[in-house]
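Trainee:
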Amino acid sequence: MIFDHRTYTARPNMLPKFLKLYEEVGLPMQRHYLGEPFGFFQTHIGDLSRVVHIWKYESLADRETRRDKMEA
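The numbers in the UniProt record's numbering rise by one with no breaks, and the one at position 19 of the sequence shown is 19.
(1) Is it true that the CB of L27 sits closer than 9 Å to the CB of R66?
(2) What are the start and end residues of the beta strand (DSSP E) that includes D4?
(3) Only counting runs of 4 or more residues, tell me where the alpha helix (DSSP H) segments fall wholly within the UniProt domain "NIPSNAP" (5–70), in order along the chain.
(4) Is the beta carbon of F41 sitting closer than 9 Å to the one on V51?
(5) Ignore the nearest five residues each way along the sequence and tell me which others in M70's own chain have a CB closer than 6 Å to its CB.
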């Protein structure tokens with residue numbers, strides 16, 4: 001099992017806009033190709049403009065196949 005941990009940092013004061021756009025466009029596309037995220041987190045202490053995604057894959061090959069399909 002492989003976990004892909006991704007951290008994104010929005011520009012100052014842009015996190016609400018980023019989250020809205022991601023919810024409407026990014027997340028549906030990722031769910032279609034990658035399945036449900038293992039975790040999705042937003043910081044509430046420290047740098048408040050960060051979002052963390054964790055995606056679960058059966059193997060590195062599974063990750064590569066799914067991400068390649070999404071990026072095609």
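Cβ coordinates follow ideal geometry from the N, Cα and C atoms, glycine included.
Mentor: So, from the listed chains and residues:
(1) no
(2) 2–9
(3) 15–21, 27–34
(4) yes
(5) Y33
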